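Residue numbers (the working numbering), protein chains in the order written: chain A, 1 to 112; chain B, 1001 to 1114.
Think of the CB as a built atom: it goes at the ideal place given N, C-alpha and C, for glycine as much as any other residue.
No experiment lies behind these values; they were computed from the predicted model shown.
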Amino acid sequence: GENVEQHPSTLSVQEGDSAVIKCTYSDSASNYFPWYKQELGKGPQLIIDIRSNVGEKKDQRIAVTLNKTAKHFSLHITETQPEDSAVYFCAASGTGANNLFFGTGTRLTVIP
Amino acid sequence: DSGVTQTPKHLITATGQRVTLRCSPRSGDLSVYWYQQSLDQGLQFLIQYYNGEERAKGNILERFSAQQFPDLHSELNLSSLELGDSALYFCASNPQAGGNYGYTFGSGTRLTVV
Chain A
1 GENVEQHPST LSVQEGDSAV IKCTYSDSAS NYFPWYKQEL GKGPQLIIDI RSNVGEKKDQ
61 RIAVTLNKTA KHFSLHITET QPEDSAVYFC AASGTGANNL FFGTGTRLTV IP
Chain B
1001 DSGVTQTPKH LITATGQRVT LRCSPRSGDL SVYWYQQSLD QGLQFLIQYY NGEERAKGNI
1061 LERFSAQQFP DLHSELNLSS LELGDSALYF CASNPQAGGN YGYTFGSGTR LTVV
């Protein structure tokens, strides 16, 4: 099955700086890569996703890049704000796969 | 509100007991997934149902079972509870049977076993 690794496990940045979280996956058949944000005491919420026919996708201050050759994808958050503090999970799945395979999460802290 | 409803939000019970967690998927979604999240841990996949039938199993203990009913709501049954079963239990749903349709998560049930 798919194996998703995520780094770093914790990340602290100053408000206004950028944050980057990286994930690698093992199954070359994977073609869907979502990112979830989990705030304290809440369920994970989809914030952005990318499919393998696209190399980069942006939504305001967040962007995801995908390198299919190297089998890695990254989440970029620019101009970080305190409300960006949360745990972020990457995930991967492929056509025919029954479920998403999640990374182990990154706890992001934005210091005001 | 994500559209996925989980009840109860909190549950405190004693070791050896049995509990039932309930999930109503988002309207129109046919698949339900159950995940366990222990303190400061990642999301451990337990089981998936699609339109009433079991589709995939993850690291689900034999003491745990689930089902999906004709109205598509799902229940996760946890029996002979141990202290280590204390965790957040999340339900997620999506329209089809595949992971590449993305998930919508509920807000979870926090289970505390004392």
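Query raised in the report: Residues of chain B with CB under 7 Å from Asn-67 of chain A, in chain order?
Result: Here residue 67 of chain A is taken as the residue at index 67 of the first sequence, counted from 1. Neighbours of Asn-67 of chain A on chain B: none; closest Cβ ~18 Å, over 7 Å.
Query raised in the report: How big is the Cα-Cα spacing for Gln-1041 of chain B and Val-87 of chain A?
Result: Indexing the second sequence from 1 puts residue 1041 of chain B at position 41. Indexing the first sequence from 1 puts residue 87 of chain A at position 87. Distance between the alpha carbons of Gln-1041 of chain B and Val-87 of chain A: 11 Å.
Report task. Note down, in chain order, all residues in the segment 1092–1105 of chain B with a beta-carbon under 7 Å from any beta-carbon belonging to chain A. Result -> Flagged, chain order: Ala-1097, Gly-1098, Gly-1099, Asn-1100, Gly-1102, Tyr-1103 and Phe-1105.
Query raised in the report: Do Gln-1037 of chain B and Leu-1021 of chain B have their C-beta atoms within less than 8 Å of each other?
Result: Stepping through the second sequence from its first residue, residue 1037 of chain B is reached at position 37. Stepping through the second sequence from its first residue, residue 1021 of chain B is reached at position 21. The answer is no: Cβ separation not under 8 Å.
Report task. Label Ile-21 of chain A either buried or exposed according to how many other C-beta atoms from any shown protein chain fall within 10 Å of its C-beta, with 16 as the threshold for buried. Result -> Taking the first residue of the first sequence as position 1, residue 21 of chain A is located at position 21. Label assigned to Ile-21 of chain A: buried.
Query raised in the report: Which residues in the same chain as Ser-9 of chain A place their Cβ atom closer than 8 Å to its Cβ, once the five residues preceding and following it in sequence are excluded?
Result: As a position in the first sequence, residue 9 of chain A is number 9, starting the count at 1. Closer than 8 Å at Cβ, skipping near neighbours: Thr-104, Gly-105, Thr-106 and Arg-107.
Query - Closest by C-alpha distance to His-76 of chain A, when choosing among A:Gly-94, A:Cys-90 and A:Tyr-32 - result: Within the first sequence, the letter at position 76 stands for residue 76 of chain A. Among A:Gly-94, A:Cys-90 and A:Tyr-32, the Cα nearest to that of His-76 of chain A is on A:Cys-90.
Requested in this report: Tell me whether Pro-1070 of chain B is buried or exposed, calling it buried when 16 or more other Cβ atoms sit within 10 Å of its Cβ.
Outcome: Position 70 of the second sequence, counting from 1, holds the residue named residue 1070 of chain B. Its Cβ having fewer than 16 others within 10 Å, Pro-1070 of chain B is exposed.
Requested in this report: Spatial neighbours of Gln-14 of chain A within its chain, please: CB distance less than 7 Å, with the 5 preceding and 5 following residues excluded, ordered by chain position.
Outcome: Numbered from 1 along the first sequence, position 14 holds the residue referred to as residue 14 of chain A. Same-chain partners within the cutoff: Ile-111.
Requested in this report: Assign Glu-971 of chain B to one of three DSSP states: helix, strand, or coil.
Outcome: Only positions 1001 to 1114 of chain B appear in the structure, and residue 971 of chain B is not among them; the question remains open.
Query raised in the report: Near Phe-1064 of chain B, what residues of its chain come up, given a Cβ to Cβ distance below 6 Å and the 5 sequence neighbours on each side ignored?
Result: In the second sequence, residue 1064 of chain B corresponds to position 64, counting from 1. Cβ within range, chain order: Leu-1078.
**Report entry** Short CB-CB distance (under 8 Å) between Ser-1154 of chain B and chain A
**Finding:** Past the boundaries of the shown model lies residue 1154 of chain B; chain B is included only from 1001 to 1114, so the question cannot be answered.
Requested in this report: State the start and end residues of the unbroken beta strand (DSSP E) segment that holds Ile-111 of chain A.
Outcome: Position 111 of the first sequence, counted from the first residue, corresponds to residue 111 of chain A. Counting along the chain, the unbroken beta strand (DSSP E) around Ile-111 of chain A starts and ends at 106–111.
Requested in this report: Within 10 angstroms of the Cβ of Val-1114 of chain B, are there 16 or more other Cβ atoms? Answer buried if so, exposed if not.
Outcome: In the second sequence, residue 1114 of chain B corresponds to position 114, counting from 1. Classification for Val-1114 of chain B: exposed.
**Report entry** Cβ neighbour criterion (16 or more within 10 Å) applied to Val-1032 of chain B
**Finding:** Here residue 1032 of chain B is taken as the residue at index 32 of the second sequence, counted from 1. Buried.
Query raised in the report: Based on Cα-Cα distance, which residue from A:Arg-51, A:Phe-33 and A:Ile-62 lies nearest to Asp-17 of chain A?
Result: Along the first sequence, read from residue 1 onward, the residue named residue 17 of chain A stands at position 17. By alpha-carbon distance to Asp-17 of chain A, the top candidate from A:Arg-51, A:Phe-33 and A:Ile-62 is A:Ile-62.
Query raised in the report: Can you tell which of B:Trp-1034, B:Gln-1017, B:Thr-1015 and B:Ala-1014 has the C-alpha that lies nearest to the C-alpha of Cys-1023 of chain B?
Result: Position 23 of the second sequence, counted from the first residue, corresponds to residue 1023 of chain B. Of B:Trp-1034, B:Gln-1017, B:Thr-1015 and B:Ala-1014, the residue nearest in Cα terms is B:Trp-1034.
Report task. Under the assumption that Thr-65 of chain A contacts Glu-79 of chain A (Cβ atoms under 8 Å), give the Cβ distance between them as a whole number of angstroms. Result -> Position 65 of the first sequence, counting from 1, holds the residue named residue 65 of chain A. Position 79 of the first sequence, counting from 1, holds the residue named residue 79 of chain A. Not really, about 18 Å apart at Cβ, beyond 8 Å.
Query raised in the report: Does any residue of chain B bring its CB to less than 8 Å from the CB of Ser-94 of chain A?
Result: Taking the first sequence and counting its residues from 1, the one referred to as residue 94 of chain A is at position 94. Note that residue 94 of chain A corresponds to Gly in the displayed sequence, not to Ser. Closer than 8 Å to some Cβ of chain B, the Cβ of Gly-94 of chain A qualifies, so yes.
**Report entry** Simplified DSSP assignment, three categories, for Asn-1094 of chain B
**Finding:** Looking up residue 1094 of chain B in the second sequence gives position 94. Strand.
Requested in this report: Taking 8 Å as the cut-off, decide whether the C-beta atoms of Tyr-1103 of chain B and Leu-100 of chain A are in contact.
Outcome: Counting from one through the second sequence, the residue named residue 1103 of chain B turns up at place 103. Counting from one through the first sequence, the residue named residue 100 of chain A turns up at place 100. Closer than 8 Å, so yes.
Query raised in the report: Along chain B, in chain order, which residues have C-beta atoms closer than 8 Å to that of Asp-49 of chain A?
Result: As a working mapping, residue 49 of chain A is identified with position 49 in the first sequence. The contacting residues are Gly-1102.
Query raised in the report: How would you write the range of the beta strand (DSSP E) that Asp-59 of chain A sits in, first residue to last?
Result: By one-based count along the first sequence, residue 59 of chain A stands at place 59. For Asp-59 of chain A, the enclosing beta strand (DSSP E) has its first and last residue at 56–59.
Query raised in the report: Which residues of chain A have a Cβ atom closer than 8 Å to the Cβ of Ala-1056 of chain B, listed in chain order?
Result: One-based indexing of the second sequence puts residue 1056 of chain B at position 56. Within 8 Å Cβ-Cβ: Asn-98 and Asn-99.
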